[in-house]
Amino acid sequence: MAMTRRLAAFILLLASSVKVRAENFDCAALPDETLFPGPWERYIKAPADKARITPARILATFGNVTTSSATPRAITPGDHVPGQGILIGPEGLLTLEFDENIGGRVCFDVESVGDDPELYLSYSESPLFSGKLPDATTDRSHGDLPLQIEFGTQTGVVCVGKDFVRGGFKYLTIRMPVYPVLGSGPAPFPHRDVLPGQHVLSPGAERRKSDRDPYATPWVSIRNLWVDCTAYPSQAQGRAYSGYFFSSSNLLNRIWYAGAYTLQLSTLDPGEGSSMIDYNRLVDDNESPAGSWYSNFTIANGTTVITDGAKRNRIVSPIDLLLATPGIAVSTRDMLAVRNALDALFAHQYADASLPRAGPPFGFHGEFLDTHHLQALLSVHAYVKFSGDMTWLTRRWPAYLCAVNVSVAKIDNDTNLLPGPEGHSLEASALLSVVLDKTITLARWLGDDNDDNLWTAARAALHKGIQSLYCPTTRLHAANLVESHRCPDPDHLAPQAGNAWALVAGAAHPSSSVSRALSARWLPAGAPAPETPRLLSPLASSIELAAHAAAHRPDAAVVLILRHWGHLLDGPGFTNSTLAAGVAVDSRGRARPPEDARTSHCRAGAAGPTGFLTEHVLGAVVAAPGGGAWTVRPRLTPWLGWVRGGFATGRGLFEVRVARVVAVDRRGDVIRGGGQVVEMTAPEGTVGGFVWDDDQPEIEFRGGKTVAFIVREDRVGSAPPVEELDVSPGRRSEADCEEEWYLQVFLYRNDMRLVYDKAFTVLS
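Counted the way mature numbering (1 follows the signal peptide of the UniProt record, and there is no 0) counts, the sequence shown spans residues -22 to -1, 1 to 742.
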């Protein structure tokens, strides 16, 4: 703890010694090519050409689906027919699979048509719902309707309307209905398989039965099909990342990049938002029928905005914004999307200074939750820290302070807790403590520390109240006073998110005990949240990652990442490319029946590991606006032999490389083992420190060069545990290829060399 206080004081000193320069920040200046080229780019999921994403394979066919050649043949799953079109006739069905979860407008290159055909398009993120009926996007309990496309006599390029951008899908089913002869069957047509009360959705008017030739046999021949991706509008080249992560764990690498891609797909054109059609009606008075869907509601100003997810709800959500911001900062650096999301919340700040539950269509009717209000305030700190946008903070500071005071005024003087559903709330109280801590930091960055003592006293009171909820039986905090009175009953409600926030706030008592109690509850597919008993939530689990790090247990956090997010990638029913909003406790890939079809398989808040791995495993921590000050504190954990990564801020590029090493003599015999080499590069004009453990002082240095240290884990005699290495030309030989960069060799003292520890084995 003493080391933590010394480190905090050191960072404050560094931050005060670096001039905060807002002019360094240009949130719209994203690169056209990756800033860190290397073998890690193979993990990037974003397509090479976002304007033309083509299917990877035919997943299923049924009925009248053939090649359009002179000698047509039936098409079967797995077929690839280059140079030939696909002809679909009545009752024909074709399901296509893309390599990754994608989003955008579907376009056809129509070769020929006959007898006025129409097709129905059904979209699904999960293979569990691929077929003639789509999955669900709207705020209704039933599924979406297929999208009807009428071709008439059109050939050439035909695209769905701009209102019908589909936010997330990996599977596309194309179906031509069966057309009954006039006089048979109910009107309009029985083939549509709609649910009760639904109406056909079409960019145009529904065709009446009497308008069609009852003896016609329609058909359409499609030469090509592709998707024009409208997500991540700030990036013309979606693979042009500003950051990277590369480690000896293939699964951790995949999770980091799946998180980055999840954030890209969840970043939208603000005019293509909100799938919550019924709620939209409170604002836009739409008359959209049951089962219909669209993506044309304006949710923010500007050209880009980060939302809660690609498919649903496509709105600005405070918790998703908070969890997404670090991942965006270290991957694509699309900070304009973050700023526009914050502006959408502050633009709808209520007269009493409270912030809305979410962005539009919320914010017009007094919708409010204490936790969402506090999550929005925490997002301000995250945005300013990574962006360095002090101009924006200065402009929003009065409104921000008023919003903070809204929550401070609610602290109950008798219980030292914030109100909640059962009278008082562990989660809201812990969140407010974190908000006050970050508010003190923001105020110091602005040179406005007039209320520091007030905020510090409020934090102390909150911690006293939080600790009163601790139950020794479960070693966890109860959700509220009602549940606290049930202790020592082991079944009292001890929420995942509330206990995690208590750890992050430094209010948990005792921290290591609470951290271990949380990890003791884990299931094979992740961490349970008793407050949502049927769901394993990556959002609450992202907070738990930060909690274990705060309790000095990064190893536990990595285990949770491998277990939970590994399942979200490789478990049944998932996309293997983006991260879902949750998984049922039984791990079958479904969440919250009967809303299974509506589960988002691309949820921004699920991308927590992307920022976490960079900050808490690679150890690259931004400590002042835009990276003016920073620390490096890597933690390889028992699952990694090496790791490297980097990211950009307005000040330049940061990069860290860590590898396990042994010291060998000239013959290659091991003399000493148990060491790690840490290399770091930071931009000129910045200051930082290297920290290894709580028992050693930080090592200070300035940016503008590469420095390296050897850390001895097998300390012998009086030798220092950390020594700076000479990385001048001739003192280090690089590996033959970037793929095996860790095989580099450092010349060390007494004719020794430092080489990668090939004997290291991952903890099983």
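Even glycine gets a Cβ: it sits at the ideal position worked out from N, Cα and C.
A quick note: this is a predicted structure, and the numbers were derived from the prediction, not measured.
Can you tell me the Cα-Cα spacing of residue i and residue j, whole angstroms?
i, j, result
"H441", "F275", "42 Å"
"S446", "P397", "15 Å"
"D256", "V669", "52 Å"
"I521", "A601", "20 Å"
"P376", "F340", "23 Å"
"T151", "A26", "24 Å"
"I389", "L409", "12 Å"
"A439", "E345", "28 Å"
"V733", "S226", "16 Å"
"D312", "S365", "10 Å"
"H487", "S462", "14 Å"
"W479", "L471", "15 Å"
"S100", "A214", "27 Å"
"S491", "G484", "13 Å"
"V386", "R437", "10 Å"
"T577", "G251", "17 Å"
"R638", "G652", "7 Å"
"I80", "G146", "5 Å"
"L229", "W543", "9 Å"
"R118", "L347", "22 Å"
"C207", "A360", "28 Å"
"R640", "A527", "The sequence given here places Val at residue 640; Arg does not occur at that position. So the alpha carbons of these two residues sit roughly 27 Å apart."
"D392", "D427", "28 Å"
For the beta strand (DSSP E) that contains residue i, what are its first and last residues?
i, result
"M368", "Per DSSP, M368 belongs to no beta strand (DSSP E); it is in the alpha helix (DSSP H), 368 to 386."
"L125", "125 to 128"
"V358", "Run containing V358: none in the beta strand (DSSP E); it sits in the alpha helix (DSSP H), 348 to 365."
"residue 762", "Limits of the chain in this structure are -22 at one end and 742 at the other, which puts residue 762 out of reach."
"V665", "665 to 668"
"S225", "222 to 225"
Opposite residue i in the DSSP bridges: which residues?
i, result
"M254", "Beta-bridge pairing links M254 to no other residue."
"F625", "F632"
"Y734", "V639"
"M658", "V634, V685"
"G651", "In the DSSP output, where bridge partners are listed per residue, G651 has none listed."
"V723", "S711"
"T44", "A52, L65"
"I677", "F668"
"I31", "V205"
Pick from the options: whose alpha carbon is nearest that of residue i?
i, options, result
"L404", "N458, N394, P25, L454", "N458"
"D704", "F687, Q353, T54", "F687"
"D714", "P707, V723, S706", "V723"
"V84", "V91, K28, G560", "K28"
"G504", "A528, H463, L547", "L547"
"V665", "V655, L618, G606", "G606"
"D729", "L741, R709, E716, T739", "R709"
"R20", "T739, F625, E716, P707", "E716"
"R512", "L538, Y726, A562, L741", "A562"
"V382", "T417, N202, W370", "T417"
"V599", "C380, P304, N291, P124", "P304"
"H402", "T349, L414, K363", "T349"
"N394", "D427, G624, A435", "A435"
"S104", "F552, E593, R611", "F552"
"N318", "I277, V655, T32", "I277"
At what residues does the alpha helix (DSSP H) containing residue i begin and finish?
i, result
"V316", "313 to 324"
"I521", "516 to 528"
"residue 771", "A question about residue 771 goes unanswered here, because the residues of the chain that appear run from -22 up to 742."
"W423", "404 to 424"
"N202", "Unbroken run through N202 is the beta strand (DSSP E), 197 to 206; no alpha helix (DSSP H)."
"G134", "Run containing G134: none in the alpha helix (DSSP H); it sits in the beta strand (DSSP E), 134 to 137."
"R153", "Careful: R153 lies outside any alpha helix (DSSP H), inside the beta strand (DSSP E) at 144 to 153."
"G544", "544 to 548"
"Y235", "228 to 243"
"V537", "532 to 538"
Point to revise | Contiguous alpha helix (DSSP H) assignments of at least 4 residues, all confined to the region 255 to 316 | key: 255 to 262, 296 to 309
Check your understanding: Enumerated in chain order, which unbroken segments of the alpha helix (DSSP H) with a length of 4 residues or greater are wholly contained in the region 679 to 719?
Key -> none
Check your understanding: Hey, which unbroken runs of the alpha helix (DSSP H) at 4 residues or more fall wholly within the region 52 to 110?
Key -> none
Exercise for review: Write down every uninterrupted run of the alpha helix (DSSP H) in the region 431 to 506 whose length is 4 residues or greater and which is fully enclosed by it, in chain order.
Suggested key: 459 to 462, 474 to 483, 489 to 498
Practice item. Within the region 566 to 614, note down every full beta strand (DSSP E) run reaching 3 residues or more, in order along the chain. Key: 598 to 600, 607 to 610
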